Amino acid sequence: MNDVLKNNTTGSENGNEFLAFKLGKEEYGIDILKVQEIRGYEAVTRIANAPDFVKGVVNLRGIIVPIVDMRIKFNLGEPTYDQFTVVIILNIGGRVVGMVVDSVSDVITLAPEQIRPAPEMGTAFNTDYLIGLGTLEERMLILVDIDRLMSSSEMGLIETIAA
Numbered sequence: 001m002n003d004v005l006k007n008n009t010t011g012s013e014n015g016n017e018f019l020a021f022k023l024g025k026e027e028y029g030i031d032i033l034k035v036q037e038i039r040g041y042e043a044v045t046r047i048a049n050a051p052d053f054v055k056g057v058v059n060l061r062g063i064i065v066p067i068v069d070m071r072i073k074f075n076l077g078e079p080t081y082d083q084f085t086v087v088i089i090l091n092i093g094g095r096v097v098g099m100v101v102d103s104v105s106d107v108i109t110l111a112p113e114q115i116r117p118a119p120e121m122g123t124a125f126n127t128d129y130l131i132g133l134g135t136l137e138e139r140m141l142i143l144v145d146i147d148r149l150m151s152s153s154e155m156g157l158i159e160t161i162a163a
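For the sequence shown, full-length UniProt numbering assigns the number 1 to the initial residue and increments by one for each residue that follows.
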């Protein structure tokens, strides 16, 4: 699975690279530079009194990593775990966090003109956490500001990153 990252580590001078992943029927994108690795889903150790969306923690080479299920976080129905389910390990503000997604598709480069502002609408997804919508031919990616989302007070995972 890490092949997705290895093949795309060359930076692009005229665009931003995003890791594309699926949650339900929607495709999302996060800044590739925040991604440390991609792993298959494995059993987690539950933490008492943690919010529903925090599945638990895993020991990743000696680092205890909280695992967030994004399908639960965004109220996208009951999550199912299968051979396509992956955990994207993120490094945000020096903290390591894992997020469970349905599948990872690829890394795409978007030029600034391919990124549109997110419309204001009453969705399960707070637009504060959106960079915008990325368009690439027939695809539309919901671009998530993963720093902001993971460091938000409602997540309670990472101290707010000072701007």
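Note that the Cβ used here is the ideal one computed from N, Cα and C, for glycine as well.
Computed from a predicted structure; not experimentally measured.
- Three or more beta-carbon pairs drawn from the stretch 134 to 142 and the stretch 107 to 120 are found closer than 8 Å, and the two stretches are therefore classed as touching.
- Secondary structure within the UniProt domain "CheW-like" (15 to 155): the alpha helix (DSSP H) runs of 4 or more consecutive residues, fully enclosed, are 70 to 73, 146 to 150 (chain order).
- Cβ neighbours of Val86 within its own chain (closer than 7 Å, five residues either side excluded): Met1, Ile38, Arg39, Gly40, Tyr41, Val101, Ser103, Val104.
- By the 16-neighbour rule on beta-carbons within 10 angstroms, Pro112 is exposed.
- Its Cα nearest to that of Asp106, the residue Ile88 stands out among Ile88, Glu120, Met150.
- Rounded to the nearest angstrom, the gap between the Cα atoms of Gly56 and Pro66 is 6 Å.
- Ser153 counts as exposed, since fewer than 16 other C-beta atoms from the protein chains shown sit within 10 angstroms of its C-beta.
- Counting every other CB atom within 10 Å of its CB across the protein chains shown gives Gly98 a total of 16 or more, marking it as buried.
- In chain order, Ile32, Val107, Thr109 place their CB closer than 6 Å to the CB of Glu17, counting only its own chain and leaving out the 5 sequence neighbours on each side.
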